[in-house]
Amino acid sequence: MSTALRAIDSTKFQSAPSSSWSALSSASLLQTTDGKSVVPTSFWSREEVAVVVLFRSYGWFFCQELASQLARDVLPGPKEADCKLLAIGIGTTSRANEFCEHVGFPKENLLSDPNNVAYDNLELVKGVRDTFFNEKTPYALLDRVKTNSAKVPKE
């Protein structure tokens, strides 16, 4: 089991805020495996621990890096930790399939959101101005370069 999951104690988690659960419950997304419509919250119950990751763009380096790291370091352990991991990516199922092949992320753990429904329902921050012209962004990027953590290790 990965070190990231070894520290998980599901008894210490609180249930997801009702607003987050409702936002995802009302989002109709597409399974990457077959393109069928599905609601993300159908993959777990309120009593279970689930980690939901959002990828803003299948072509964005940081999303590819995160997916690669999740596939390598985290996904081997959730079943042992009694935790589920689901990712939601903005884009088509065609791009989602290419993304999974490129970074080694399992298709069954990725839902496609071609209309940006989940992101909008969760009221997440978006836009170039808020993302790149925020004073914290260049410092975070510089820190990643200095610590060499921007590389995706190949096995």
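FYI, this note's numbering numbers position 55 of the sequence shown as 434, with every residue one higher than the one before it. Yeah, the Cβ is synthetic: ideal placement off N, Cα and C, and Gly gets one too. Only a predicted model underlies this, so the values are computations on that prediction, with no experimental measurement involved.
- LYS525 carries a helical assignment under DSSP once its states are collapsed to helix, strand and coil.
- For ALA450, DSSP records no beta bridge to any residue.
- In the pairwise beta carbon analysis, the stretch 434-446 is classified as touching the stretch 475-488: at least three pairs are separated by under 8 Å.
- Separation of PRO493 and THR472 (C-alpha to C-alpha, rounded to the nearest whole angstrom) is 8 Å.
- The residue among LYS486, ILE469, SER424, LEU489 with its C-alpha nearest the C-alpha of ASP499 is ILE469.
- DSSP places ASP492 within a strand segment (E or B) once states are collapsed to three.
- The C-alpha of SER436 is placed about 22 Å away from the C-alpha of GLU514.
- The three-state secondary structure of SER421, taken from DSSP, is helix.
- Here the alpha carbon of CYS442 sits roughly 6 Å from the alpha carbon of PHE434.
- Between the C-alpha atoms of ALA475 and LYS486 there is a straight-line separation of about 8 Å.
- Boundaries for PHE478: no beta strand (DSSP E) harbours it, while the alpha helix (DSSP H) harbouring it runs 472-482, taken from the DSSP string.
- Taking PHE478 as reference, the option from THR411, LEU465, ALA406 with the minimal CA-CA separation is THR411.
- At the C-beta level, LEU403 and VAL432 stay beyond 9 Å of one another.
- As the crow flies, the alpha-carbon of LYS415 is around 43 Å from that of LYS525.
- Within 10 angstroms of the beta-carbon of PRO455 lie fewer than 16 other beta-carbons, which makes it exposed.
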